[in-house]
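Each remark here refers to the structure printed beneath this line.
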Amino acid sequence: MQSTILNRRDIDFLLYEWLAVESLTARERHADHSRETFDAALDTAARIATELFATHNKKSDSQEPHFDGERVTIIPEVKTALDAFCAAGFMAAAQDYEYEGMQLPYVVDRAIAAWFTAANVATSAYTFLTMGNANTLLKTATPRQVERFVRPQLAGRYFGTMCLSEPQAGSSLSDITTRAEPDPVEGPEGERQYRLRGNKMWISAGEHELAGNIVHLVLAKIPGPDGKLIPGVKGISLFIVPKFLVNENGSLGERNDIALAGLNHKMGNRGTTNCLLNFGEGKFKPGGRAGAIGYLVGEPHRGLANMFHMMNEARIGVGLGATVLGVTGYLHALDYARNRPQGRHPAEKDPARPQVPIIEHTDVRRMLLAQKAYAEGALALILYCARLVDEQRTGETADARLKAGMLLEFLTPIAKSWPSQWCVEANSLAIQVHGGYGYTREYNVEQFYRDNRLNPIHEGTHGIHGLDLLGRKVSIQDGALFKAVGEEVATTIACARARDDAGFAAWAGRLEALWTRIGEVTARLYGAGDMNKTLANASLYLEAVGHVVVAWIWLEQALVAAGRLDGADDDFYRGKLQACRYFFNWELSRVDAQLDLLASIDTTTLDMQDAWF
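In full-length UniProt numbering, the protein residues as written are 1 to 613.
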């Protein structure tokens with residue numbers, strides 16, 4: 001029976017037929033692996049996700065965590081699932097053997113994560129944040145900090161968070177006011193420690209009893225000699241602030257001065273605790289004094305740069321989460337459409353004839369095909385980015401590693417934002433396919449939509465990533481990142497034209513024209529002479545470029561599929577070709593109008609005044 005969580009056939013196609021993941025086993029880091037070991041890990045992930053994560057997805061949504069003023073209560077199935085995840089070694093799946101990891105390629109690790117996130121995005125959030133926390137510390141922390149705080153996370157004994165936002169600051173991190181003052185008392189083994197005071201808002205997984213400790217990565221500012229905080233992002237430092245202090249022998253010590261002020265209750269991801277945390281309010285007094293004890297990570301005033309290790313990983317992770325919610329919603333809608341009889345074909349009016357499954361109706365097929373194009377296109381984009389991470393780490397030449405990094409840097413805002421927009425639309429269409437039933441809680445698709453609607457805000461809004469793409473990524477290094485992506489697009493276009501097929505030639509020509517137009521429009525926007533005008537419609541720019549990038553990704557998939565026809569799996573490959581056809585015929589038409597508007601340097605929204613609303 002076909003899973004409604006993910007389509008394993010599609011994952012195999014992306015990993016093995018398109019991204020050539022098996023070739024990574026020729027590299028030293030992955031030499032112990034083979035397709036058999038990759039498949040075994042994927043099979044185990046699918047089994048645990050199906051049996052332990054998906055089975056409480058609706059329950060954790062309806063019975064969300066609650067706080068009685070002293071402790072948080074979470075349904076027991078969450079811990080059971082997380083314990084199984086950790087016992088299988090998935091927290092450290094992509095890590096070095098040195099850290100008890102499997103040294104799986106990152107792209108395989110992300111395919112594994114896709115199973116858990118699609119099955120239960122709320123429960124998998126605890127693992128997602130912990131892995132991001134650990135990866136950040138592996139890049140920036142001291143060896144002693146790694147021993148005390150990273151190894152226990154990779155083993156699943158501790159979980160982790162990231163604490164950026166504050167009630168008054170939100171995404172404007174330059175305005176955070178959490179203070180970190182040097183503590184005259186030395187920490188373990190003479191490590192300098194700080195006392196933190198402030199409030200952090202929207203902290204996912206910020207309080208629970210699912211693991212023995214919670215390692216918070218906290219952005220705060222160290223006061224200057226005059227006692228004042230340095231304004232702007234340059235004054236921000238990064239600190240490890242554990243829920244429980246850790247003794248020199250690794251045992252847990254006192255409760256740190258971190259208090260849960262309350263839980264936020266979101267429309268989706270209800271099974272993940274989302275917290276307002278007070279640091280240093282004095283409810284707990286480690287060492288007999290108020291102030292949460294923290295340990296500086298890296299150099300002072302380099303906190304934002306250090307946290308970006310986690311933030312960039314989290315952005316691709318958010319894109320993956322949005323993607324797989326779109327995929328599972330599509331699979332649920334497909335299953336429903338195949339089994340729900342209703343109505344007859346327009347040319348068949350005889351009410352005595354049996355009703356047909358709704359998948360026989362053209363408009364339902366349109367909605368399903370749109371979902372397939374959005375969700376499978378997004379999944380291919382995310383796994384392509386994960387494959388770039390592997391190339392960046394293990395590429396055979398310095399040039400290959402450098403180019404992978406450039407491609408990844410350009411694509412990251414798109415990988416976060418495009419799925420967060422269009423896979424939410426896929427979920428909306430999944431509800432529409434279900435008709436009136438789609439709005440009821442008996443069917444899963446309404447929850448998928450609620451869960452997914454958070455992703456356009458998680459890890460930076462569309463507006464922020466639009467500003468990043470247009471205001472930075474296309475222009476840095478004299479446009480080198482844009483040029484690097486353009487070279488890859490040109491290679492795909494050349495391959496498509498080499499097929500001597502009218503359909504592929506038309507798609508190649510369309511893609512080439514749009515990429516050229518994006519370059520022209522980008523130059524025109526930068527020629528406006530006023531950055532307010534240049535960036536006024538940056539979100540529209542992000543959407544247009546994202547659509548063209550996904551068209552390129554679809555053409556890549558179609559090229560592989562066309563080369564595999566005339567076999568036992570023709571239906572699968574023809575489905576890929578038809579989804580590509582849909583994307584080029586139905587979706588790219590919107591880009592022309594968007595680029596026209598951008599080229600006009602339209603200032604309608606920029607000129608709007610507060611009083612006019």
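Beta carbons: idealized from backbone N, C-alpha and C, even for Gly.
Residue j beta carbon less than 9 Å from that of residue i
| i | j | result |
| --- | --- | --- |
| A375 | A337 | no |
| A292 | S204 | no |
| L6 | L383 | no |
| A378 | I316 | no |
| V215 | S174 | no |
| Y573 | R581 | no |
| T123 | Q153 | no |
| V318 | S420 | yes |
| N274 | K266 | yes |
| L454 | L511 | no |
| G187 | Y295 | yes |
| I48 | F116 | yes |
| T73 | P65 | yes |
| F584 | W507 | yes |
| M307 | M162 | yes |
| residue 614 | L334 | There is simply no residue 614 to check, as the chain begins at 1 and stops at 613 in what is shown. |
| M531 | G471 | yes |
| A180 | K221 | yes |
| N444 | K58 | yes |
| K200 | L304 | no |
| K533 | I601 | yes |
| A81 | F38 | no |
The alpha helix (DSSP H) enclosing residue i, as first and last residue numbers
| i | result |
| --- | --- |
| P419 | A398 to H434 |
| I464 | H462 to D468 |
| K266 | Looking at the DSSP string, K266 is not in any alpha helix (DSSP H), and its letter there is neither H nor E. |
| E487 | I476 to R497 |
| I112 | Y106 to A119 |
| E254 | No alpha helix (DSSP H) contains E254, which is instead part of the beta strand (DSSP E) from L252 to R255. |
| N532 | M531 to L535 |
| A359 | According to the sequence as given, residue 359 is Ile; it is not Ala. Per DSSP, I359 belongs to no alpha helix (DSSP H) and is neither H nor E. |
| D39 | R35 to I48 |
| Q447 | V445 to N452 |
| A558 | A538 to A562 |
| Q594 | S589 to A599 |
| I518 | A502 to Y526 |
| Y582 | D570 to Y582 |
| R8 | R8 to D12 |
| T604 | T604 to D607 |
Close beta carbons around residue i, own chain, < 7 Å, minus the five adjacent residues each side
| i | result |
| --- | --- |
| E313 | G132 and N135 |
| P451 | Reading the sequence as shown, one finds Asp at residue 451 and not Pro. Within the same chain, D451 has close Cβ partners V121, G268, N269 and L325. |
| R353 | R344 |
Proximal residues to residue i (C-beta, below 8 Å), its chain only, five neighbours per side dropped
| i | result |
| --- | --- |
| C495 | L559 |
| G343 | Q355, V356, I358 and H361 |
| L252 | G212, N213, F244, L245 and V246 |
| Q103 | R29, H30, D32, H33, A94, Q95, D96 and Y97 |
| S539 | H462, G463 and G466 |
| V150 | Y99, A134, L137, L138 and A141 |
| A415 | R315, I316, G319, L381, I382 and C385 |
Paired residues, beta bridge with residue i - DSSP
| i | result |
| --- | --- |
| G294 | Y194 |
| C275 | I203 and L263 |
| N213 | Y158 |
| S237 | A220 |
| I457 | In the DSSP output, where bridge partners are listed per residue, I457 has none listed. |
| T73 | H66 |
| I176 | Note: I176 sits in no beta bridge, so no partner. |
| I258 | F279 |
6 Å Cβ shell around residue i - same chain, five flanking residues per side excluded
| i | result |
| --- | --- |
| A259 | N278, E281 and K283 |
| G156 | C86 and M91 |
| L469 | P413 and L542 |
| N264 | N274 |
| G250 | none |
| E488 | none |
Delimiting residues of the beta strand (DSSP E) encompassing residue i
| i | result |
| --- | --- |
| L245 | F244 to V246 |
| M162 | Y158 to C163 |
| R179 | R179 to P182 |
Beta carbon proximity, residue i to chain B, threshold 9 Å
| i | result |
| --- | --- |
| P105 | In the structure shown, chain B cannot be found, because there is only a single protein chain. |
Ranges of the alpha helix (DSSP H) found wholly within the region 292-346, counting only runs of at least 4: 303-339
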